Structure formats: C-alpha cells, structure tokens
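Notes to accompany the following structure.
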C-alpha cells in the first residue's frame, strides 16, 4: 500500500507503514496456494490414466451418491471418498488459468478473512464452504458422472464472509487506504444491517448476475470447460450465513465494543 508524503517531513508512523511489504499475505493463504499449485504441477506431469484416477478419487462426482452407480463399483474410494471429495475437489483445477484465477480471488478476499479468523478457524471455514458448494451442486445435478473441481465455492464463501465485516467502518465518502485493515478488527454488524447497505446489495447483485450469466444453460463441472455456478452460490450463501459461527470478534450487547474469543 503506497505511502503519502506531505511537505518535506514524513511522520514516523507513515514512514514505518511505508516499509511494510506490498503483499502481506497470511501464511495459511500462502500454504493453500502452494498446495494447489503443486497439485496442478503433479497433474500436468503424470500420464493420462493416472490423471483420470486422481479425478475419480478426489473430484466431486454426483454419481457417487447414485445407488445404481455404487452397486456397479464404478468409482474408487468407497465411503471415505464419499466424505473427503466434498472438500478435496477444491484443490483440483482444470488448468493453470483456472487455478490462477481462483488464487487471485482467494488472495483478495481470503486474506482479510484469514487475518480475522486465524488459521484453524479459516481452514474449517474453507472446508465448510467448499462442502456447501458441493452439496448444492449435488442437489442440482443428481447422478451426473461429470467431475466438479476448483476452489471457487470456498473462494465465494470468503467473498461473502468479507462482506460481513468489510463495511463495518462507516463510510465517509470515498474508500480510504487502510479501511479494510481496520475493518478486520471491528465487530461485524448483524446480517440484516449488512444486507441493507447499498454497497453490499450492489456487490451481491452483480456477483449473482455474473454467475448466472456464465452458467445459464451450461452443464456444471469444469472438466468440460463449463462453470459450476450452483457450487459458487452454495459456497457464498454458506459463507454469508455461517460467518458468526467462525468469527472470533464478538459484539458486546448494548455497545460497539468487542472481545476476541480465545483461539485454540
């Protein structure tokens, strides 16, 4: 974030701020990004047959939950894969452009959420929103064999979580540098108050329109190049509604002060 110098002298606090790194990314975001990139590298390196086996084991495939498919033993992994694929699909991507785009969005929205939640809460939140996205995808694509992959549902959950607190600081004109950093430490307003904010309404409306426009009339899943927009919506709604369960900053009754819950 750029420093602003007024006149000849620079205030000490501003000088210290100027020396901060441009990208101050939480370690948990860095590790998640590294894991996703490494997995993509492995998938590019292995042969086609092994690549298909990886998808069969770790992608989310609605047909896993079709009794006729289970009876035929088409998909590997058994009951364990029925559980872990609700999350593991988020670490697989359809190519470098796909993983790169998701990582950019995770950097933008996952960073403030990870700073607010801490490592364990954020990882659990990531898993829950990924699972919610897979769940809505399952409901709307029952019995399909097309694998769904990508971190977009969890990233959408991070977007929704960020909306819950990024406007906690009252707006006075233009968005000021450092406003998001301050909002990370402020108690989040109630959901109904957030949803009355015109900035939030505008963001959510545009987000939904973009997802519907990309996905309308397309079969879901990223293997065939289409967008699993239902999973995005599932992750977003889960992030919006489940945010208070993960938020360590609690609003005290009758005031704007807050307390931070102990992180284990």
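In full-length UniProt numbering, the protein residues as written are 1 to 264.
We put the beta carbon where it would ideally sit given N, CA and C, even for glycine.
Just so we're clear, the structure is a prediction, and the values are computed from it rather than from any experiment.
Checking the sheet assignment: what are the DSSP bridge partners for residue i?
{"i": "residue 148", "result": "60"}
By a C-beta neighbour count over all protein chains shown, 10 Å radius and 16 as the cutoff for buried, is residue i buried or exposed?
{"i": "residue 199", "result": "exposed"}
{"i": "residue 244", "result": "exposed"}
{"i": "residue 83", "result": "exposed"}
{"i": "residue 27", "result": "exposed"}
{"i": "residue 32", "result": "buried"}
{"i": "residue 166", "result": "buried"}
{"i": "residue 231", "result": "buried"}
{"i": "residue 246", "result": "buried"}
{"i": "residue 235", "result": "buried"}
{"i": "residue 147", "result": "buried"}
{"i": "residue 241", "result": "exposed"}
{"i": "residue 190", "result": "exposed"}
{"i": "residue 188", "result": "buried"}
{"i": "residue 227", "result": "buried"}
{"i": "residue 224", "result": "Bear in mind that the predicted position of residue 224 carries a pLDDT of just 44, short of 50, making it unreliable; the figure below should be weighed with that in mind. Residue 224 is exposed by the Cβ-count criterion."}
{"i": "residue 211", "result": "buried"}
{"i": "residue 92", "result": "buried"}
{"i": "residue 138", "result": "buried"}
{"i": "residue 81", "result": "buried"}
Which residue's Cα is closest to the Cα of residue i: the options?
{"i": "residue 249", "options": "194, 184 and 211", "result": "184"}
{"i": "residue 88", "options": "38, 127, 28 and 99", "result": "127"}
{"i": "residue 233", "options": "247, 197, 196 and 151", "result": "151"}
{"i": "residue 209", "options": "119, 229 and 195", "result": "229"}
{"i": "residue 90", "options": "149, 40, 34 and 67", "result": "149"}
{"i": "residue 143", "options": "67, 31, 182 and 241", "result": "67"}
{"i": "residue 76", "options": "57, 92 and 139", "result": "57"}
{"i": "residue 29", "options": "54, 46, 78 and 122", "result": "122"}
{"i": "residue 270", "options": "38, 43 and 74", "result": "No information on residue 270 is available, as it lies outside the stretch 1 to 264 that the chain covers here."}
{"i": "residue 124", "options": "201, 46, 86 and 192", "result": "86"}
{"i": "residue 95", "options": "193, 79, 45 and 117", "result": "45"}
{"i": "residue 186", "options": "116, 40, 120 and 192", "result": "116"}
So residue i packs on residue j, CB below 8 angstroms; how close in whole Å?
{"i": "residue 161", "j": "residue 239", "result": "5 angstroms"}
{"i": "residue 97", "j": "residue 130", "result": "That belief does not hold up - the Cβ atoms of residue 97 and residue 130 are roughly 20 angstroms apart, past 8 angstroms."}
{"i": "residue 36", "j": "residue 99", "result": "6 angstroms"}
{"i": "residue 203", "j": "residue 237", "result": "Incorrect: roughly 15 angstroms between the Cβ atoms, too far for contact."}
Stretch pair the segment 99-109 + the segment 43-51: three plus CB contacts closer than 8 angstroms: no
Three-pair Cβ contact test at 8 angstroms for the segment 60-67 versus the segment 128-139: yes
At least three beta-carbon pairs within less than 8 angstroms, the segment 108-123 to the segment 140-160: yes
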